[in-house]
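Heads up, the thing below is written out as C-alpha coordinates.
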Amino acid sequence: MPSKTDYKVRFADDEPKGHSSPHFKYPAHTVSASASPVGTRVFAPSVSPVSLPPDVGHIRSSPPFSVNDDPRRVLQMLPPGSRMATATEPGLFVLTVTCKYLPNISIRVTPSSPKPGASITIGDLVVGINDFLQQRVDDRYYNSLPPESRFCADRSKLIREQQGDPVRYLKLVDFLGLKVKFMGLKPTAQHGVWALELAQ
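Following our numbering, the numbering of the sequence shown begins with 312 at its first residue and continues without gaps.
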(Lines of atoms letter the chains of each structure in order from A and count residues from 1; the text may use other names and numbers.)
(Lines give C-alpha, C1' and ligand atoms only; values in the text may rest on other atoms or scores of the structure.)
Protein backbone atom coordinates (compact mmCIF):
# COMPACT_ATOMS: atom_id res chain seq x y z
CA MET A 1 0.00 0.00 0.00
CA PRO A 2 1.42 3.41 -0.91
CA SER A 3 2.46 5.67 1.92
CA LYS A 4 0.13 8.49 2.86
CA THR A 5 1.00 11.90 1.45
CA ASP A 6 -0.47 15.12 2.77
CA TYR A 7 -1.21 17.90 0.29
CA LYS A 8 -2.01 21.31 1.65
CA VAL A 9 -3.90 23.68 -0.59
CA ARG A 10 -2.34 27.13 -0.47
CA PHE A 11 -4.60 29.71 1.02
CA ALA A 12 -4.94 33.09 2.60
CA ASP A 13 -3.39 32.11 5.91
CA ASP A 14 -0.47 30.47 4.08
CA GLU A 15 0.48 33.70 2.32
CA PRO A 16 3.67 35.44 3.42
CA LYS A 17 3.06 38.50 5.57
CA GLY A 18 2.01 41.44 3.47
CA HIS A 19 0.68 39.26 0.62
CA SER A 20 -2.94 38.33 0.14
CA SER A 21 -4.34 36.71 -2.99
CA PRO A 22 -7.88 37.82 -3.91
CA HIS A 23 -8.31 34.88 -6.26
CA PHE A 24 -7.16 31.71 -4.55
CA LYS A 25 -8.46 31.72 -1.00
CA TYR A 26 -8.96 28.16 0.19
CA PRO A 27 -10.03 26.91 3.60
CA ALA A 28 -6.87 26.04 5.52
CA HIS A 29 -7.10 22.27 5.71
CA THR A 30 -4.90 19.39 4.77
CA VAL A 31 -5.83 17.34 1.72
CA SER A 32 -4.78 13.73 2.14
CA ALA A 33 -4.02 11.40 -0.75
CA SER A 34 -4.76 7.79 0.11
CA ALA A 35 -5.29 4.52 -1.72
CA SER A 36 -8.87 3.71 -2.75
CA PRO A 37 -10.28 0.18 -3.14
CA VAL A 38 -9.59 0.31 -6.89
CA GLY A 39 -6.02 1.50 -6.48
CA THR A 40 -6.46 5.12 -7.48
CA ARG A 41 -5.65 7.89 -5.06
CA VAL A 42 -8.54 9.95 -3.76
CA PHE A 43 -8.08 13.41 -2.29
CA ALA A 44 -9.98 14.19 0.90
CA PRO A 45 -9.55 17.03 3.37
CA SER A 46 -8.65 16.18 6.93
CA VAL A 47 -10.49 18.65 9.13
CA SER A 48 -10.59 18.12 12.86
CA PRO A 49 -12.83 17.13 14.58
CA VAL A 50 -15.23 16.31 11.71
CA SER A 51 -14.30 13.75 9.07
CA LEU A 52 -15.47 14.93 5.65
CA PRO A 53 -16.23 12.85 2.52
CA PRO A 54 -13.65 12.61 -0.30
CA ASP A 55 -15.36 15.02 -2.68
CA VAL A 56 -14.99 18.20 -0.62
CA GLY A 57 -11.30 18.93 -1.10
CA HIS A 58 -11.98 21.87 -3.39
CA ILE A 59 -9.67 24.52 -4.74
CA ARG A 60 -11.76 27.68 -4.58
CA SER A 61 -11.39 31.00 -6.31
CA SER A 62 -12.50 34.09 -4.44
CA PRO A 63 -13.66 36.27 -6.01
CA PRO A 64 -14.34 34.24 -9.16
CA PHE A 65 -13.03 35.39 -12.53
CA SER A 66 -14.20 34.70 -16.07
CA VAL A 67 -12.43 31.99 -18.05
CA ASN A 68 -13.28 34.12 -21.09
CA ASP A 69 -11.14 37.02 -19.85
CA ASP A 70 -7.61 37.63 -21.04
CA PRO A 71 -5.57 35.76 -18.38
CA ARG A 72 -2.91 38.48 -18.41
CA ARG A 73 -5.56 40.96 -17.27
CA VAL A 74 -6.67 38.57 -14.53
CA LEU A 75 -3.07 38.21 -13.36
CA GLN A 76 -2.65 41.98 -13.19
CA MET A 77 -5.36 42.03 -10.53
CA LEU A 78 -3.33 39.71 -8.29
CA PRO A 79 -1.14 41.20 -5.54
CA PRO A 80 2.63 41.21 -6.18
CA GLY A 81 4.10 37.76 -5.70
CA SER A 82 0.81 35.88 -5.93
CA ARG A 83 1.25 35.03 -9.59
CA MET A 84 4.44 33.09 -8.84
CA ALA A 85 3.11 31.46 -5.64
CA THR A 86 2.70 27.69 -5.88
CA ALA A 87 -0.93 26.65 -6.35
CA THR A 88 -0.65 23.73 -3.91
CA GLU A 89 1.64 22.53 -1.15
CA PRO A 90 3.57 20.42 -1.76
CA GLY A 91 3.82 21.62 -5.33
CA LEU A 92 2.43 19.64 -8.24
CA PHE A 93 4.28 19.16 -11.53
CA VAL A 94 1.23 18.21 -13.61
CA LEU A 95 -2.42 19.02 -13.05
CA THR A 96 -5.15 17.71 -15.35
CA VAL A 97 -8.47 19.58 -15.52
CA THR A 98 -11.69 18.26 -17.05
CA CYS A 99 -15.00 20.02 -17.72
CA LYS A 100 -18.41 18.37 -18.01
CA TYR A 101 -19.36 20.76 -20.82
CA LEU A 102 -16.35 19.63 -22.90
CA PRO A 103 -16.50 15.82 -23.07
CA ASN A 104 -13.39 13.91 -24.13
CA ILE A 105 -11.17 16.95 -23.57
CA SER A 106 -8.75 17.60 -20.74
CA ILE A 107 -6.59 20.60 -19.90
CA ARG A 108 -3.05 19.72 -18.85
CA VAL A 109 -1.42 22.40 -16.72
CA THR A 110 2.35 22.29 -16.22
CA PRO A 111 4.84 24.76 -14.71
CA SER A 112 5.87 27.63 -16.98
CA SER A 113 9.24 27.84 -15.25
CA PRO A 114 12.04 25.98 -17.07
CA LYS A 115 13.79 25.27 -13.75
CA PRO A 116 14.08 21.57 -12.84
CA GLY A 117 11.61 20.62 -10.12
CA ALA A 118 9.43 23.71 -10.65
CA SER A 119 5.83 23.49 -9.43
CA ILE A 120 2.59 24.79 -10.89
CA THR A 121 1.92 28.36 -9.79
CA ILE A 122 -1.31 30.31 -9.45
CA GLY A 123 -0.32 32.13 -12.64
CA ASP A 124 0.20 28.82 -14.47
CA LEU A 125 -3.28 27.71 -13.46
CA VAL A 126 -5.00 30.92 -14.60
CA VAL A 127 -3.12 31.12 -17.92
CA GLY A 128 -3.30 27.38 -18.61
CA ILE A 129 -7.08 27.15 -18.26
CA ASN A 130 -7.94 30.43 -19.98
CA ASP A 131 -5.54 29.96 -22.90
CA PHE A 132 -6.71 26.40 -23.52
CA LEU A 133 -10.36 27.46 -23.72
CA GLN A 134 -9.54 30.04 -26.40
CA GLN A 135 -8.50 27.30 -28.86
CA ARG A 136 -10.30 26.89 -32.14
CA VAL A 137 -12.80 24.02 -32.39
CA ASP A 138 -12.44 21.71 -35.36
CA ASP A 139 -15.42 20.31 -37.27
CA ARG A 140 -14.81 16.78 -36.09
CA TYR A 141 -15.17 17.68 -32.41
CA TYR A 142 -18.11 20.00 -33.09
CA ASN A 143 -20.02 17.27 -34.94
CA SER A 144 -19.33 14.73 -32.19
CA LEU A 145 -21.34 16.72 -29.65
CA PRO A 146 -25.11 16.62 -29.11
CA PRO A 147 -27.33 19.22 -30.83
CA GLU A 148 -27.95 21.18 -27.62
CA SER A 149 -24.20 21.65 -27.08
CA ARG A 150 -23.70 22.80 -30.67
CA PHE A 151 -26.63 25.23 -30.38
CA CYS A 152 -25.16 26.67 -27.16
CA ALA A 153 -21.75 27.16 -28.81
CA ASP A 154 -23.22 28.76 -31.94
CA ARG A 155 -25.24 31.18 -29.82
CA SER A 156 -22.21 32.07 -27.67
CA LYS A 157 -20.14 32.74 -30.78
CA LEU A 158 -22.86 35.00 -32.20
CA ILE A 159 -23.06 36.97 -28.95
CA ARG A 160 -19.27 37.39 -28.94
CA GLU A 161 -19.34 38.74 -32.48
CA GLN A 162 -22.18 41.13 -31.67
CA GLN A 163 -20.14 42.42 -28.73
CA GLY A 164 -17.25 43.22 -31.06
CA ASP A 165 -14.99 40.19 -30.63
CA PRO A 166 -12.85 40.09 -33.80
CA VAL A 167 -12.38 36.31 -33.54
CA ARG A 168 -14.82 34.73 -35.99
CA TYR A 169 -14.12 31.05 -35.41
CA LEU A 170 -15.72 28.83 -32.77
CA LYS A 171 -13.74 28.48 -29.53
CA LEU A 172 -13.88 25.80 -26.86
CA VAL A 173 -15.09 28.42 -24.38
CA ASP A 174 -18.22 28.90 -26.52
CA PHE A 175 -19.49 25.49 -25.40
CA LEU A 176 -19.68 26.80 -21.83
CA GLY A 177 -22.47 29.21 -22.73
CA LEU A 178 -23.04 31.65 -19.87
CA LYS A 179 -21.16 29.46 -17.39
CA VAL A 180 -17.78 31.13 -17.73
CA LYS A 181 -17.20 32.17 -14.11
CA PHE A 182 -14.34 30.15 -12.60
CA MET A 183 -15.46 28.97 -9.16
CA GLY A 184 -12.70 26.48 -8.47
CA LEU A 185 -11.46 22.95 -9.04
CA LYS A 186 -12.93 19.82 -7.51
CA PRO A 187 -10.88 16.62 -7.15
CA THR A 188 -12.17 13.54 -8.93
CA ALA A 189 -11.70 9.87 -8.09
CA GLN A 190 -8.84 9.78 -10.60
CA HIS A 191 -5.50 10.81 -9.10
CA GLY A 192 -4.24 14.12 -10.44
CA VAL A 193 -7.48 14.94 -12.27
CA TRP A 194 -9.61 17.89 -11.14
CA ALA A 195 -13.05 18.96 -12.39
CA LEU A 196 -13.55 22.57 -13.45
CA GLU A 197 -16.38 24.21 -11.51
CA LEU A 198 -18.17 27.03 -13.32
CA ALA A 199 -21.12 29.33 -12.73
CA GLN A 200 -23.00 32.12 -14.53
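We put the beta carbon where it would ideally sit given N, CA and C, even for glycine. Please read these numbers as outputs of a predicted model, since none were measured by experiment.
By the CB criterion at 9 Å, VAL408 and GLY439 fall inside the cutoff.
In the three-state scheme derived from DSSP, where H, G and I count as helix and E and B as strand, ILE418 is classed as strand. Cβ contact annotation for VAL491 (same chain, cutoff 6 Å, sequence separation greater than five): SER377, VAL378 and ASN379, in chain order.
Between THR499 and ALA506 a beta carbon distance of about 5 Å is seen, short of the 8 Å cut, so the two are scored as contacting. DSSP places LYS411 outside both helix and strand once states are collapsed to three, so it counts as coil.
Under the DSSP assignment, PHE493 falls in the beta strand (DSSP E) whose first and last residues are 492 to 498. One alpha carbon belongs to THR399, the other to PHE493, and they sit about 17 Å apart.
Looking from the CA of LEU481, the closest CA among GLN473, GLY475, ASP465 and LEU487 belongs to ASP465.
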